[in-house]
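One structure is given here, and the rest of the page talks about it.
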Amino acid sequence: MVMNVNNSNDLSQASTDNDDKSFQQYNLDGLDFKIVLSGDKTEGRYSLLEMVFSAEKENEIPLHLHSRETLIIYILEGNFSFRYGDEKIDGIQGTVLKFEKDIPHSYKKTGKSLGRLLILFIPAGFENFFLDLGLDRNKMKQSGDEDQVLLHVLEKKYGGKFVFG
Numbered sequence: 005m006v007m008n009v010n011n012s013n014d015l016s017q018a019s020t021d022n023d024d025k026s027f028q029q030y031n032l033d034g035l036d037f038k039i040v041l042s043g044d045k046t047e048g049r050y051s052l053l054e055m056v057f058s059a060e061k062e063n064e065i066p067l068h069l070h071s072r073e074t075l076i077i078y079i080l081e082g083n084f085s086f087r088y089g090d091e092k093i094d095g096i097q098g099t100v101l102k103f104e105k106d107i108p109h110s111y112k113k114t115g116k117s118l119g120r121l122l123i124l125f126i127p128a129g130f131e132n133f134f135l136d137l138g139l140d141r142n143k144m145k146q147s148g149d150e151d152q153v154l155l156h157v158l159e160k161k162y163g164g165k166f167v168f169g
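All letters in the sequence shown, in the order written, are residues 5 to 169 by our numbering.
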């Protein structure tokens, strides 16, 4: 489902204040993740995450699916290319997408400008994946273990699945 939203309310200003200590922020391979609203504040009903893609390169979240969550994605800034099942979708600022659980999807920031997404997870819980991924990945890099092992463990914990091939 794709909708374009042209709203006079500027959400981009609200989410760029790095002095707000209530946000949990992580950087994984050049992508910045900010947990804007965690599930512990919503009784587990939903969580809100902001992802910032650098202007320097075209970053991509690989093909994956969620077995527990529906996602609502709002493009705050930049151009993106999405894959949702067999469908390919190009999106610009103001585009809203709904991704149902159990349907593989991926997204890529395209072009040379900054990219920012606001992602609503319904229900909450998956926002903790990013914390676990960052912490466990640092441990695994120190021990020399492979990322594939970590991804398999986190897939089981969070009900997600990366689709390779």
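Yeah, the Cβ is synthetic: ideal placement off N, Cα and C, and Gly gets one too.
| Query | Result |
| --- | --- |
| Enumerated in chain order, which unbroken segments of the beta strand (DSSP E) with a length of 3 residues or greater are wholly contained in the stretch 47 to 126? | 51 to 57, 64 to 70, 74 to 81, 83 to 88, 91 to 95, 99 to 103, 109 to 114, 119 to 126 |
| Report, in whole angstroms, the separation of the C-beta atoms of F103 and I65, which I expect to be a contact under 8 angstroms. | Incorrect: roughly 11 angstroms between the Cβ atoms, too far for contact. |
| Leaving out five residues on either side along the sequence, give the residues of the same chain with a beta carbon under 6 angstroms from the beta carbon of D94. | S85 |
| Assign F1 to one of three DSSP states: helix, strand, or coil. | The question about residue 1 has no answer, for the chain in this structure spans 5 to 169. |
| Round the Cβ separation of L75 and L122 to the nearest angstrom and send it over; I've been treating them as touching at under 8 angstroms. | Wrong, their Cβ atoms sit about 11 angstroms apart, outside the cutoff. |
| How about L69 and I107: are their beta carbons less than 8 angstroms apart? | yes |
| Express the C-alpha separation of F37 and G48 in angstroms, rounding to a whole number. | 19 angstroms |
| Are the CB atoms of A128 and G43 within a distance shorter than 8 angstroms? | yes |
| Name the residue from E91, G82, Y88 whose alpha carbon lies nearest to the alpha carbon of G98. | G82 |
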